[in-house]
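Numbering (this note's numbering), first residue to last: 1 to 288.
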């Protein structure tokens, strides 16, 4: 991937209908924006919600970059979120409720190997985190849960060599490195990786360093794609979003409940006949 492709795809992801999602959240969870227990006004809360949405999109895109590289290398992605009932233990009977393990890895991949060799194929089970800034207690609990999942995966894939990876994207924080070194290395194949070091296991560290340089460049040159909120009152995108609202959502927005009146006063100019709200009312009434 070159920077031009990275930039185009990330811009597309950040502008892919955030307005409709934002409106739906405002309408379906109005108490998140209008509440006497909230110290911020409606507009500030809406801005916060939008920024959180953009951050989630950004996080997903970084993971998408990692998965794109991994599949390019010839690895195949496996299901990574499912429930598994452990086999009954000694002393348990058929009518007993089996213990259930929830597999919730960020992604799992293995080499696309169609050969019939006897040696097991490596399967990497990756748990992605932003940075290693958790307390010792919290990280220990996380690792214990991961180990439980890895042990279950060994049962599910007996011919696979299960390798656990706790990958921290930010390599500036290594708070719990002693926890891994002193304990978990000895129990199960679970390793921490920081930044581009994760791609060392694939002999492709330079590829992720390249992605990291793209991330830095994009942030320096395109802050508006992260922070510029759509104009709900005047933009064409907002008008289209209003027209795409479900009937129940549209009814809520236009109800006389105080909470929705408050919201409308804050996101629309009710004194302007050219406000998107009035345009949407006219268009929706015409379509029925």
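Positions of the beta carbon are idealized from the N, C-alpha and C atoms, including for glycine. Every value quoted in this text rests on a predicted model; they were computed, and no experiment measured them.
- Using a 10 angstroms sphere on the CB of residue 132, the tally of other CB atoms reaches 16 or more, which defines it as buried.
- Residue 169 counts as buried, since at least 16 other C-beta atoms from the protein chains shown sit within 10 angstroms of its C-beta.
- Annotated three-state conformation of residue 101 is strand, per DSSP.
- In the three-state reduction of the DSSP assignment, residue 286 falls in the helix class, which pools H, G and I.
- Distances from the alpha-carbon of residue 10 to those of 262, 227, 218 put 218 closest.
- Between residue 74 and residue 200, the alpha-carbon positions lie close to 16 Å from each other.
- Shown here for residue 166: same chain residues with a beta carbon closer than 6 Å to its own, the five before and five after excluded, namely 127, 192 in chain order.
- Taken in chain order, the unbroken stretches of alpha helix (DSSP H) that lie wholly in the region 132-206 and span 4 residues or more are 136-156.
- In the DSSP annotation of this structure, the continuous segment of the alpha helix (DSSP H) that includes residue 50 starts and ends at 42-72.
- Taking one beta carbon from each stretch, the region 56-63 and the region 238-248 have fewer than 3 pairs nearer than 8 Å; the two do not touch.
- Pairing residue 266 with residue 139, the inter-Cα distance amounts to about 42 Å.
- In the structure shown, the three-state DSSP call for residue 15 is coil.
- Here DSSP, grouped into helix, strand and coil, assigns residue 85 to strand.
- Secondary structure note for residue 78: it is in no alpha helix (DSSP H), and the uninterrupted beta strand (DSSP E) holding it is 75-78.
- Going by beta carbons, residue 80 and residue 57 fall outside the 9 Å limit.
- DSSP places residue 251 outside any beta strand (DSSP E); the residue lies instead in the alpha helix (DSSP H), whose first and last residues are 247-253.
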